[in-house]
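Undergrad: Protein chains in written order, with the numbering used here: chain A, 324 to 741; chain B, 324 to 741.
Have a look at this one before I ask anything.
See below:
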């Protein structure tokens with residue numbers, strides 16, 4: 324069989340299975356998730372053996388230590404996959420909920436009811452635990468899912484796929500509801516992205532180049548974010564101790580993630596006192612500062628920033644710093660260089676807080692809180708499948724509800740239109 | 324200037340204007356819509372003169388009578404545009420509404436607030452009143468809009484565009500918030516569909532070939548429906564008089580629209596009595612019947628249907644009729660040949676009503692009511708910008724809310740993530 328026919332057969336089978344998943348009661352879906360957690364526990368040794376084969380191959384082929392770290396399934400990874408499954412089983416099922424319901428003047432009873440999207444394709448890189456995490460969310464929300472992990476995690480993903488299929492079949496659900504593409508060839512991805520007749524949504528998870536490849540090649544709608552260039556704007560009159568705490572947390576607590584701060588904007592009235600205070604704290608944690616001219620005048624230790632620093636997603640302990648003459652300049656900077664991901668203001672001013680929240684066009688806008696809170700769990704959605712900076716369908720962290728849509732259900736007594 | 328630079332400059336200007344529209348108070352948007360209604364009234368003669376130029380040219384170039392009918396701006400069209408504007412002004416503004424709001428355990432106050440999508444591109448055919456109707460909905464929901472009408476309506480659309488710009492400017496809003504592409508060349512459409520940096524959503528309105536062209540050429544998300552192949556399934560034990568009334572309304576009341584019935588499915592127990600009853604009523608209104616073998620045995624006047632009839636969107640007084648042995652066969656037929664648009668069951672059975680509603684995967688599913696109710700106004704959304712059979716973002720009729728998305732707004736007191 325060719326790669327094309329393997330992948331398109333999988334997509335067709337997923338569509339058929341999705342009809343079963345769509346009407347599956349919550350209890351049965353939960354039983355399947357808990358069964359899968361048990362199977363992972365029972366088969367931990369086998370999973371780790373298969374994973375070791377991937378790791379050895381990755382080491383031979385010279386993958387970076389960071390990539391190998393993400394590829395490795397440790398005991399903690401096993402525990403985290405199991406914990407994730409039990410957590411998703413405990414989340415409320417969005418399917419069947421009515422988001423609005425009313426009676427029309429002619430007596431028709433109209434409601435908008437949540438239904439699954441259908442078939443979701445997930446394309447991701449090295450971390451094999453995504454296979455479990457993403458499948459759990461798609462299945463709980465009543466969808467079928469096709470997973471395509473990185474070829475470096477091939478053996479790990481195949482053993483996990485077999486366990487998912489077992490959990491599905493042992494709880495009376497179609498095994499094709501969650502399938503992992505068994506082909507390592509990259510043409511499998513290109514083929515997957517052409518199955519618009521069978522697949523309803525593609526979610527890529529990984530670096531910017533993977534995501535751009537998916538967007539450029541997909542005929543299916545894609546939910547994604549390219550990068551997180553997140554800002555904190557420290558207003559004049561801000562509480563400097565609060566601002567310091569927020570900036571430190573946003574930059575240093577986990578610098579390698581998309582909701583970490585990449586650029587600090589400071590009002591010129593606050594800069595002379597605040598910049599030395601925050602710089603001391605940040606540099607003590609190893610942060611390298613790249614400042615505009617005004618910043619460098621106040622902070623001699625800062626390097627001069629270039630134009631390339633303002634749109635940069637460093638994902639490390641580098642921070643761009645700019646002094647602005649007013650909040651409008653800060654908001655304009657965010658509009659030009661930001662990524663619609665996460666932006667925060669630290670202020671004590673009522674009107675500027677309101678304006679910032681209203682006018683900054685990002686998926687999460689915060690007042691007096693760290694950018695690190697842009698996360699499905701922190702925003703009260705439960706587990707998340709990703710963050711969208713595309714406005715259509717979902718903007719911001721995506722949980723179970725974002726994997727559904729609504730249809731109109733109408734109950735009548737013979738009404739016709741006049 | 325080239326077509327490319329004209330269109331891309333319009334898109335960029337729309338993006339800038341969209342920031343003003345996004346923060347514009349409802350009262351100002353309403354004032355603009357009412358001003359536009361007044362301007363249309365004052366300039367009715369001028370509009371009809373420009374329209375007459377289009378009509379004369381269309382007649383010369385041999386456009387069909389139906390096309391010319393749709394192109395012509397009558398006194399009634401003028402009234403309908405004005406009425407539509409006043410109706411949209413009276414609708415509730417979705418922008419700024421919080422769809423959910425809660426306090427997190429750490430004290431963060433999180434809400435999901437409706438915001439405009441940004442810039443919407445509308446691509447449509449002959450009817451010039453769409454210029455006004457679509458602009459009204461996009462602007463009321465805080466978006467900027469770029470309109471591209473059919474080249475046959477060029478002069479009509481240009482005079483309407485000038486009035487929209489006047490209404491915007493006279494009420495203090497940026498004139499670039501609603502722009503009509505002044506170029507007749509089709510390459511303008513292709514260029515528009517590539518402006519993914521500035522345009523957030525494309526809505527095509529027109530025939531299937533226009534919509535397929537847009538989908539194939541767009542890098543921007545598209546909300547659309549190709550066609551409406553709508554079914555009515557008459558169950559065994561249904562109230563035949565009710566079923567007759569619903570079938571007649573669904574087929575005959577306005578056969579040329581997407582929510583009209585194209586295929587009638589009848590349970591084999593109901594067929595011997597119901598088919599002759601409904602056939603008599605339908606044929607008296609000029610409906611031509613094309614039936615499956617069983618149908619033709621009961622109705623000698625029916626033509627034999629071919630495979631091409633089942634997925635057909637006739638948009639006229641033709642009806643395909645099929646006798647099914649059970650509801651599962653009916654639902655399978657809908658799954659195979661339907662268009663996820665609108666499907667109805669006529670039944671007195673509680674369990675089958677529930678199953679039909681749950682398992683039929685269409686944007687509007689009705690029990691004991693005509694398919695003709697799939698319409699934004701009838702479903703309580705106010706005016707509609709179109710109907711989507713794509714599940715992502717909006718499924719079914721799209722009103723003002725469907726032209727918005729939500730962002731997360733977070734108010735804190737210095738919270739950081741631990």
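Just so you know, even glycine gets a beta-carbon here, dropped at the ideal spot from N, CA and C.
Predicted model only: the values in this text are computed from it and were never measured.
#1: Can you give the Cα-Cα distance for residue 649 (chain A) and residue 442 (chain B), rounded to whole angstroms?
#2: Evaluate residue 368 (chain A) with the Cβ neighbour count: other Cβ atoms within 10 Å of its Cβ, from every protein chain shown; 16 or more gives buried, anything less gives exposed.
#3: Quick check on residue 440 (chain B): does DSSP put it in helix, strand or coil?
#4: Does residue 716 (chain B) come out as helix, strand or coil in the three-state DSSP assignment?
#5: The beta strand (DSSP E) with residue 553 (chain A) in it runs from where to where?
#6: Is there a C-beta anywhere in chain A that falls below 8 Å from the one on residue 440 (chain B)?
#7: Once the 5 residues before and after residue 364 (chain A) are set aside, which same chain residues still bring their CB inside 8 Å of it?
#8: According to the Cβ coordinates, are residue 496 (chain A) and residue 347 (chain A) closer than 8 Å?
#9: Using only the alpha-carbon positions, how far apart do residue 356 (chain B) and residue 700 (chain B) sit?
#10: Closer than 8 Å, CB to CB, is residue 685 (chain B) near chain A or not?
#11: So, is residue 389 (chain B) buried or exposed, given that buried needs 16 or more other C-beta atoms within 10 angstroms?
#12: So for residue 546 (chain A), helix, strand or coil by DSSP?
#13: If you scan the stretch 442–519 of chain A from start to end, which runs of the beta strand (DSSP E) of 3 or more residues do you find wholly inside it?
#14: Say whether chain A places a C-beta atom closer than 8 Å to the C-beta of residue 547 (chain B).
#15: Might you give, ordered along the chain, the residues of its own chain that have their beta carbon closer than 6 Å to the beta carbon of residue 332 (chain A), omitting 5 neighbours on each side?
#16: What are the residues of the stretch 421–436 of chain A that lie near chain B, defined by any Cβ-Cβ distance shorter than 7 Å?
#17: Residues of chain B with CB closer than 8 Å to the CB of residue 688 (chain A), please, in chain order.
#18: Would residue 447 (chain B) and residue 472 (chain B) be called neighbours here (beta carbons separated by less than 8 Å)?
#19: Does residue 682 (chain B) get closer than 8 Å to chain A when you measure Cβ to Cβ?
#20: Please name the residues in the stretch 555–582 of chain B whose beta-carbon is closer than 7 Å to at least one beta-carbon of chain A, in chain order.
#21: Along the stretch 439–463 of chain B, what residues have a CB closer than 7 Å to any CB found in chain A?
#22: In chain B, what lies closer than 7 Å to residue 714 (chain A) by C-beta?
#23: Which residue from A:438, A:330 and A:398 puts its Cα closest to that of residue 682 (chain B)?
#24: At 7 Å on the CB atoms, spell out the chain B contacts of residue 736 (chain A), in chain order.
#25: In its own chain, which residues sit with a C-beta less than 6 Å from the C-beta of residue 734 (chain A), not counting the 5 before and 5 after it?
#26: Between residue 329 (chain B) and the rest of its own chain, which residues show a CB-CB distance below 7 Å, the 5 nearest in sequence each way excluded?
#27: Let me make sure I understand the geometry here. Which of A:723, A:717 and A:585 has the alpha-carbon closest to that of residue 642 (chain A)?
#28: Could you check whether the Cβ of residue 369 (chain B) sits closer than 7 Å to any heavy atom belonging to the ligand HEM?
#29: Please work out which residues of its chain come closer than 8 Å, Cβ to Cβ, to residue 569 (chain A), disregarding the five sequence neighbours upstream and downstream, and give them in chain order.
#30: Compare the C-alpha of residue 658 (chain A) against each of B:325, B:509, B:412 and B:339 and name the closest.
#31: Does the beta carbon of residue 530 (chain B) sit closer than 8 Å to a beta carbon anywhere in chain A?
#32: Evaluate contact between the stretch 671–689 of chain B and the stretch 620–634 of chain B, counting only Cβ atoms and requiring at least three cross-stretch pairs below 8 Å.
#33: Counting only runs of 3+ residues fully inside the stretch 671–711 of chain A, write out the beta strand (DSSP E) ranges in chain order.
#34: Going along the stretch 699–723 of chain B in order, which residues come within less than 9 Å of chain A, judged by CB to CB distance?
#35: Beta carbon of residue 393 (chain A), beta carbon of residue 450 (chain A): below 8 Å?
#36: Measure how close the beta-carbons of residue 597 (chain B) and residue 566 (chain B) come, nearest whole angstrom, since I'm counting them as under 8 Å.
TA: Put simply:
#1: 27 Å
#2: exposed
#3: coil
#4: coil
#5: 553–557
#6: yes
#7: 401 and 405
#8: yes
#9: 19 Å
#10: yes
#11: exposed
#12: coil
#13: 442–447, 467–471 and 501–503
#14: no
#15: none
#16: 425, 427, 431 and 433
#17: 730, 731, 732 and 733
#18: yes
#19: yes
#20: 565, 568, 569, 572 and 576
#21: 440 and 441
#22: 440, 441, 523 and 728
#23: A:438
#24: 691
#25: 432
#26: 506
#27: A:585
#28: Looking for the ligand HEM in the displayed structure turns up nothing, as the structure carries no ligands at all.
#29: 555, 667, 669, 691, 692 and 693
#30: B:339
#31: no
#32: no
#33: 687–692 and 709–711
#34: 701, 702, 703, 713, 714, 715, 716, 717, 718, 719 and 720
#35: yes
#36: 6 Å
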